[in-house]
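Protein chains in written order, with our numbering: chain A, 1 to 112; chain B, 1 to 115. A virtual CB, placed ideally from N, CA and C, is assigned to each residue, including glycine. Each remark here refers to the structure printed beneath this line.
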């Protein structure tokens with residue numbers, strides 16, 4: 001059974017600092033990896049995805065992938081109170097068309 | 001560009017009653033998904049459509065759940081009869097190909113409460 005593990009938190013980070021969110025997955029054959037942000041009572045919102053080992057940057061967000069360690073992370077630089085949300089890591093066996101396997105999410109709190 | 005549309009947004013029913021959810025995907029998105037999200041959990045896939053064909057329904061509880069996507073656009077997910085454990089948020093998503101990769105976008109969801 002495919003599993004995606006995340007620390008549920010809450011993870012508390014001061015405003016302006018770097019928030020680091022981590023995710024591990026069990027299926028070594030996974031090909032694509034997604035980060036979603038979910039505000040309370042809202043639906044998941046795609047932040048970014050990554051499929052190659054290394055770093056991928058988009059604005060204040062950086063996704064990091066290490067397939068050998070089966071590890072994905074999301075860094076949020078210059079954290080803002082509006083970044084407070086639950087961050088869901090999702091994994092896909094292919095190029096993203098298949099159903100996603102989600103972790104339970106990490107609850108992030110940015111302290112003003 | 002309009003996002004994924006779902007209705008109703010909220011539904012409260014008594015157990016053993018039927019319920020249906022409707023989804024209109026983003027225009028041009030051929031792949032449509034239904035997920036279920038329980039409180040404190042990530043979404044779990046129920047069914048995936050490629051146009052009008054259900055290509056993955058392995059996680060759909062077929063004794064009480066059914067889905068259809070007529071004409072390969074709108075989709076309906078039905079539960080009959082509903083059980084207390086069906087209380088959850090039902091999310092519809094659609095995807096399109098961005099280069100060699102697909103991005104899935106979610107609708108606002110339908111929050112179902114079974115009493």
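Tell me whether residue i is buried or exposed, calling it buried when 16 or more other Cβ atoms sit within 10 Å of its Cβ.
{"i": "residue 66/A", "result": "exposed"}
{"i": "residue 92/A", "result": "buried"}
{"i": "residue 18/A", "result": "exposed"}
{"i": "residue 8/A", "result": "exposed"}
{"i": "residue 94/B", "result": "buried"}
In terms of alpha-carbon separation, which member of the options lies closest to residue i?
{"i": "residue 88/B", "options": "37/B, 24/B, 3/B, 15/B", "result": "37/B"}
{"i": "residue 88/A", "options": "75/A, 107/A, 10/A, 82/A", "result": "107/A"}
{"i": "residue 51/B", "options": "79/B, 29/B, 102/B", "result": "29/B"}
{"i": "residue 20/A", "options": "70/A, 63/A, 94/A", "result": "63/A"}
{"i": "residue 105/A", "options": "2/A, 44/A, 52/A", "result": "44/A"}
{"i": "residue 20/B", "options": "103/B, 104/B, 91/B", "result": "91/B"}
{"i": "residue 61/B", "options": "82/B, 42/B, 23/B", "result": "82/B"}
{"i": "residue 45/B", "options": "17/B, 106/B, 72/B, 13/B", "result": "106/B"}
{"i": "residue 150/A", "options": "82/A, 24/A, 97/A", "result": "Outside the modelled stretch of chain A, which goes from 1 to 112, sits residue 150/A, for which no answer is possible."}
{"i": "residue 49/B", "options": "3/A, 25/A, 99/A", "result": "99/A"}
{"i": "residue 23/B", "options": "13/B, 103/B, 34/B, 79/B", "result": "34/B"}
Rounded to the nearest angstrom, what separates residue i and residue j at their Cα positions?
{"i": "residue 68/A", "j": "residue 27/A", "result": "11 Å"}
{"i": "residue 98/B", "j": "residue 58/B", "result": "26 Å"}
{"i": "residue 64/B", "j": "residue 86/B", "result": "10 Å"}
{"i": "residue 66/B", "j": "residue 42/A", "result": "25 Å"}
{"i": "residue 121/B", "j": "residue 16/A", "result": "Since the first residue of chain B shown is 1 and the last is 115, residue 121/B is not available in this structure."}
{"i": "residue 96/B", "j": "residue 57/A", "result": "22 Å"}
{"i": "residue 69/B", "j": "residue 35/A", "result": "28 Å"}
{"i": "residue 11/A", "j": "residue 85/A", "result": "10 Å"}
{"i": "residue 96/A", "j": "residue 16/B", "result": "36 Å"}
{"i": "residue 6/A", "j": "residue 53/B", "result": "33 Å"}
{"i": "residue 12/B", "j": "residue 5/B", "result": "19 Å"}
{"i": "residue 10/B", "j": "residue 112/B", "result": "6 Å"}
Determine which residues share a DSSP beta bridge with residue i and list them.
{"i": "residue 48/B", "result": "33/B, 56/B"}
{"i": "residue 68/B", "result": "76/B"}
{"i": "residue 22/A", "result": "73/A"}
{"i": "residue 56/A", "result": "63/A"}
{"i": "residue 94/B", "result": "32/B, 105/B"}
{"i": "residue 32/A", "result": "92/A"}
{"i": "residue 51/A", "result": "For residue 51/A, which the question treats as bridged, DSSP gives no partner whatsoever."}
Taking Cβ-Cβ distances shorter than 8 Å, what residues in chain B pair up with residue i?
{"i": "residue 104/A", "result": "40, 41, 42"}
{"i": "residue 49/A", "result": "101, 103"}
For residue i, which residues in chain A fall below 9 Å Cβ to Cβ?
{"i": "residue 56/B", "result": "98, 99"}
Identify the contact partners of residue i in chain B, using a Cβ-Cβ distance below 7 Å as the criterion.
{"i": "residue 95/A", "result": "100, 101, 102"}
Any heavy atom of the ligand GDP inside 6 Å of the beta-carbon of residue i?
{"i": "residue 31/A", "result": "This structure lacks the ligand GDP; in fact it carries no ligand of any kind."}
Quick one: list the residues of chain A neighbouring residue i, beta-carbon separation under 7 Å, in chain order.
{"i": "residue 33/B", "result": "99"}
For residue i, return the contacting residues in chain A, with the cut-off set at a CB-CB distance below 8 Å.
{"i": "residue 91/B", "result": "43, 44"}
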